[in-house]
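Chemist:
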Amino acid sequence: MTASRVELQIGGMTCASCAARIEKKLNKIDGVTATVNFATEKARVDYVGDVSADQLVQSIEQAGYTAELPTPDRTDAPADSAVGDPTASLRRRLLISLALTVPVIAMAMIPALQFTNWQWLSLTLAAPVVVWGAWPFHQATWANLRHGTSTMDTLISIGTIAAFGWSIYALFWGTAGIPGMTHPFELTISRTDGTSSIYLEVAAGVTTFILAGRYFEARAKRRAGAALRALLELGAKDVAVRRNGVEQRIPIDQLSVGDEFIARPGEKIATDGVVVEGSSAIDASMLTGESVPVEVGPDDQVVGATVNVGGRLVVRASRIGSDTQLAQMAKLVEEAQTGKAQAQRLADKISAIFVPIVIALSVAAFGFWVGTGGSVAAALTAAVAVLIIACPCALGLATPTALMVGTGRGAQLGILIKGPEVLESTRRIDTIVLDKTGTVTTGTMTLLDVLTADGEQPDEVLRLAGALEDASEHPIAKAIANGARKVAELPPVEGFTNLEGLGVQGVVDGHAVVVGRQRLLADWSHRLPDGLAQSMGRAEAEGKTAVAVGWDGEARGVLVVADAVKPTSAEAVRQLRTLGLTPIMLTGDNEAAARTIARQVGIDEVIAEVLPQDKVETVKRLQADSKVVAMVGDGVNDAAALAQADLGLAMGTGTDVAIEASDLTLVRGDLRAVPDAIRLSRKTLATIKGNLFWAFAYNIAALPLAAAGLLNPMLAGAAMAFSSVFVVTNSLRLRRFKSLMPRPRNNR
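Add 16 to the 1-based position in the sequence shown for the working numbering, that's all there is to it.
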């Protein structure tokens, strides 16, 4: 029986519980295994047997949501052609609601503004807010009702409808509609039948506050597709093809398997293929994590989007379009994002318990007053009052305000948090996986040591070698030249020759200088002394690159080049351990280099020589072992693993792809920002929880008054205002968060 997989685009989800509901519905079908992601609005479904994709769509539609089958890929379509601004309609709804709500609240809370018939103007302004502004909440409530569940949307909808409905009753059938009616500014408690009170400011205010909260969250969401677009943008846009002996430049989508194309120095390799002519060094760090360029020649495989840093190559295309390694990496990122479980909003979890209790309390209040001989009007007043006071406007502000202040403080410290769902993971993280190149290390080749034969001066060896290497574009040559420039002025070079894959030669200050592999020096009869040969072997055993230098018939020294450890990495690892995290190094670089670096920074566990898909599998394996995993990386090869991890942190000095696929971005390349980011995220999450507690606490405290029929509009408005002010004030405390990193000195 063959297994099939389909990815469906889901519509109509309002929260993580909707995603869980669809997942449960799909998994009830025999032979179906489904994963639904609320953030990306996609369902990944594996199925066997007689199940069809249309049957899956039908099942989702029966649950009250929409589903679409994927459309065929079009390589000629712009990557973001179908992508609009998802927050535009929400922003418009918020701004219109805000403009209508401000005068409603002002008139209700300031008696001086209550002119004759002010209540009818309030009704006119509040009606569009409660009906149109809150429409998404009413829609979600109806969907929840059909499934027998309740979320924060249910609470908002019931509360605003109750407040608005009672106000209409009081205006048309009570005494609230008579000319000259006012709401005196008093917080006294007195029993009333409620027919002289209107709660339009509560209905409109709650709607607008919640819309504001949703808008702030929506701005931080919807980033999943950006990672894929950034990946696809990495590829070459056009290519020089050799057809019938003639070279011509064509768009990349016109390239066919078997075509021979040219890759000049500094250009990207257009697509996966095999080298036909030429030799060069290829910077494949985005795929492998290797900081040292890979030497390639005829019959060697090359990968699309890697960079040719050496000579001219002619390559025969072997894979194009969706078959290339770059496209496979994009698919890995998308699968990781689709499979990543989103934390259900805390407000929804609380609302699922709170809403049934409130409705039961409302019914009980009505029953109690009718049962004790009270009038139906008084009993209805108490029942509706319970629904009105139970709808806390601060609930919608609890998460966004803390997130806004937390992200603002984070931005000041160089930490960018993408959304509220990110924070759920930070509390539970126990394992942190660190990429090596560009994360723990600088990511660029650096001269580390100059070893010389007896009687030779290190500065002189470096000066002559640096002058010769300065004429080369190779990354190792650049590292040597930059190191030499720090100790002396570089002399001119005559007769420079680049010997592909071996090294360079030329005349410097009258000396015939050779710099390169030991084999090149042997060709010139320059024998390395035993001490230098041993030092060279030790350096290479540690994963470093050793380059021999000789002139005038003798080997004079060895230059050791490697990707240097960032000076702050060891301290960052210590801080991560203090936070209770176990650090693991995960890299595509060779084992020896990785273990050398790990020892320097204090990491015990090393997983080396892994490809991008292996990085994802490693993260999955750790998660399967009940670990909650954070991943820190900076390259394209880290993108899928960053998306798969419970918390992805990208170095801002890295690639756009890694940044888009991550949950947190660290603007500076300093690894010490990682413990700061985790501490800030945990602090922000704690603030959100505190906000949710107080958002409910003020309203719960007023519930007995409402049930007793003692609620008046001023009390309802005061509860709304106090809870909101407290939530905002509590969130502002995050501005005092202190970084563990020392401040940069002012050198003036």
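Built from N, CA and C at the ideal position, the CB exists for glycine as well. Computed from a predicted model, the values in this text were never measured in an experiment.
Once DSSP output is grouped into helix, strand and coil, what is the label at residue 37?
Modeler: Looking at residue 37 - three-state DSSP - the assignment turns out to be helix.
Chemist: Using the rule of at least 16 other Cβ atoms within 10 Å of the residue's Cβ for burial, across every protein chain shown, is residue 195 buried or exposed?
Modeler: exposed
Chemist: By DSSP, does residue 153 sit in helix, in strand, or in coil?
Modeler: helix
Chemist: Quick check on residue 338: buried or exposed, where buried means 16 or more other Cβ atoms within 10 Å of its Cβ?
Modeler: exposed
Chemist: What's the call for residue 162, buried or exposed, on a 16-neighbour Cβ count within 10 Å?
Modeler: Looking at its Cβ environment, which holds fewer than 16 other Cβ atoms inside 10 Å, residue 162 is exposed.
Chemist: Would you call the region 173-186 in contact with the region 250-269, where contact means no fewer than 3 C-beta pairs closer than 8 Å?
Modeler: Verdict: no, contact absent.
Chemist: Ends of the beta strand (DSSP E) at residue 254?
Modeler: Element bounds for residue 254: 254-259.
Chemist: Just tell me which of 703, 716, 605 and 456 has its CA closest to the CA of residue 685.
Modeler: For residue 685, the closest C-alpha among the options 703, 716, 605 and 456 is that of 456.
Chemist: Bridge partners of residue 293, per DSSP?
Modeler: 330
Chemist: Helix, strand or coil: which one does DSSP assign to residue 606?
Modeler: coil
Chemist: Leaving out five residues before and five after residue 325 in sequence, what residues of the same chain have Cβ atoms less than 8 Å from its Cβ?
Modeler: 281, 282, 296, 297, 298, 299, 309, 489, 490 and 491
Chemist: According to the Cβ coordinates, are residue 469 and residue 548 closer than 7 Å?
Modeler: yes
Chemist: Find out if the Cβ-Cβ distance for the pair residue 755, residue 679 is shorter than 7 Å.
Modeler: Not in contact: residue 755 and residue 679 (Cβ atoms no closer than 7 Å).
Chemist: Taking the alpha-carbon positions, what's the residue 381 to residue 373 distance?
Modeler: 12 Å
Chemist: Rounded to the nearest angstrom, what separates residue 638 and residue 663 at their Cα positions?
Modeler: Roughly 13 Å separates the two Cα atoms.
Chemist: At which residue ranges does the region 431-510 contain complete beta strand (DSSP E) runs of 3 or more residues, listed in the order of the chain?
Modeler: 431-433, 447-450 and 457-468
Chemist: Residue 647 bridges to which residues according to DSSP?
Modeler: 449 and 664
Chemist: Looking at the structure shown, is residue 277 part of a helix, part of a strand, or coil, going by DSSP?
Modeler: strand
Chemist: Could you have a look at residue 576 and say whether DSSP puts it in helix, strand or coil?
Modeler: strand
Chemist: Kindly list the residues whose CB is nearer than 7 Å to the CB of residue 312, restricted to its own chain and excluding five residues on each side of it in sequence; keep chain order.
Modeler: 291, 295, 296, 298 and 318
Chemist: If you draw a straight line from the alpha carbon of residue 466 to that of residue 496, how long is it in whole angstroms?
Modeler: 10 Å
Chemist: Would you list the residues sitting across from residue 49 in a DSSP beta bridge?
Modeler: 62
Chemist: By a C-beta neighbour count over all protein chains shown, 10 Å radius and 16 as the cutoff for buried, is residue 515 buried or exposed?
Modeler: exposed
Chemist: Give the C-beta separation of residue 85 and residue 59 to the nearest angstrom, bearing in mind that I take them to be a contact with Cβ-Cβ under 8 Å.
Modeler: So it is not a contact: roughly 11 Å between Cβ atoms.
Chemist: Which residue from 133, 223, 528 and 612 puts its Cα closest to that of residue 581?
Modeler: 612
Chemist: Just the Cα atoms here: how many angstroms apart are residue 366 and residue 168?
Modeler: 8 Å
Chemist: Is the CB-CB distance between residue 368 and residue 725 below 7 Å?
Modeler: no
Chemist: Measuring CB atoms only, is the region 607-624 touching the region 640-657, in the sense that at least three cross pairs come out at less than 8 Å?
Modeler: No, because fewer than three Cβ pairs between the region 607-624 and the region 640-657 fall closer than 8 Å, the two stretches do not touch.
Chemist: Could you name the residues that DSSP lists as bridge partners for residue 528?
Modeler: 523
Chemist: Taking the alpha carbon of residue 375 as the point to measure from, which residue in 396, 152, 402 and 390 has its own alpha carbon closest?
Modeler: Of the candidates 396, 152, 402 and 390, the one whose C-alpha sits nearest the C-alpha of residue 375 is 402.
Chemist: My guess is that residue 113 and residue 271 are in contact by the Cβ rule of under 8 Å, so how many angstroms apart are they, rounded?
Modeler: Going by Cβ atoms, the distance from residue 113 to residue 271 rounds to 52 Å, so no, they are not a contact pair.
Chemist: Can you give me the start and stop residues for the beta strand (DSSP E) that residue 533 sits inside?
Modeler: Counting along the chain, residue 533 falls outside any beta strand (DSSP E), and DSSP gives it neither H nor E.
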